[in-house]
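Undergrad: Handing you this structure, nothing more for now.
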Amino acid sequence: NLRSILQWDAPRFYKGNISYTVQSKSINLPGDTYENVSTNLRVTECDVSSLSVYGDYMLQVRAESENDHSDWMTVRFKPMDDTIIGPPDVKVKSESGSLHVDFIGPFAERDNWPLKQYYGSWNYRILYWKKGSTIQISCHSSICALHGTLSFEYHHG
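In this text, residue positions in the sequence shown follow the UniProt record's numbering: the first is 1, and each later residue adds one.
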């Protein structure tokens, strides 16, 4: 949910203490140069969530040990395209032959805004079926809402 962690594998063979440097540059800004995101990292990951979610970046990382360092390893990163969107919070209640589904979110981890604020349109797809059956009773798609309550009538037939 827009929390972005760059991860990499440690070098197979190294001597001494090893640390890592992570840099970024914007692809959207011609002539932009790499800037440090984090230096002297002792772990093989770096939180890059501080970069604009609307950006398009090149990220690079290298290993450093005393007076030696590896080549830069580079990857393209687009937060809006590369983020894995988590599920909404869902509560389901059966009452008087109706199924009530309440849902909200998901939210961005960094500022707790609804992800819909970033992506614009938002759809939920709800599938439901009779307990013990693999036959789908109904499918409702393209339900556009930030949060809300859906009620479905289930009739025995």
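Glycine residues also receive a C-beta, built at the ideal position from the N, C-alpha and C atoms.
This structure is a prediction, so every number in the text was calculated from the model and none was measured.
1) For T21, does the count of other Cβ atoms within 10 angstroms reach 16, so buried, or fall short, so exposed?
2) According to DSSP, is Y20 helix, strand or coil?
3) Mapping the DSSP letters down to three states, classify P11 as helix, strand or coil.
4) What residues in its chain sit with their C-beta under 6 Å from that of V75, if we drop five residues either side in the sequence?
5) Between which two residues does the beta strand (DSSP E) containing Y57 stretch?
6) Can you tell me whether Y119 is helix, strand or coil according to DSSP?
7) Kindly indicate which three-state DSSP category P79 falls into: helix, strand or coil?
8) Would you list the residues sitting across from K131 in a DSSP beta bridge?
9) Which residue comes first and which comes last in the beta strand (DSSP E) that contains V90?
10) Using 8 Å as the threshold, is the C-beta distance between S49 and Y34 below it?
11) Flag this pair as yes or no: are the beta carbons of V53 and M80 separated by less than 8 Å?
12) Give me, in chain order, the residues of the same chain whose beta-carbon lies closer than 7 Å to that of I27; leave out the 5 immediate sequence neighbours on both sides.
13) Would you grab the beta carbon distance between S65 and N123 for me? Rounded to a whole angstrom, and I think it's under 8 Å.
14) Find out if the Cβ-Cβ distance for the pair V90, L99 is shorter than 8 Å.
15) Please name the residue or residues paired with P114 in a DSSP beta bridge.
TA: Looking at the coordinates:
1) buried
2) strand
3) coil
4) L59
5) Y57 to S65
6) helix
7) helix
8) DSSP output for K131 lists no bridge partner at all.
9) D89 to E95
10) no
11) yes
12) D56, Y57 and M58
13) Contact doesn't hold; Cβ gap of about 49 Å is too wide.
14) no
15) F107
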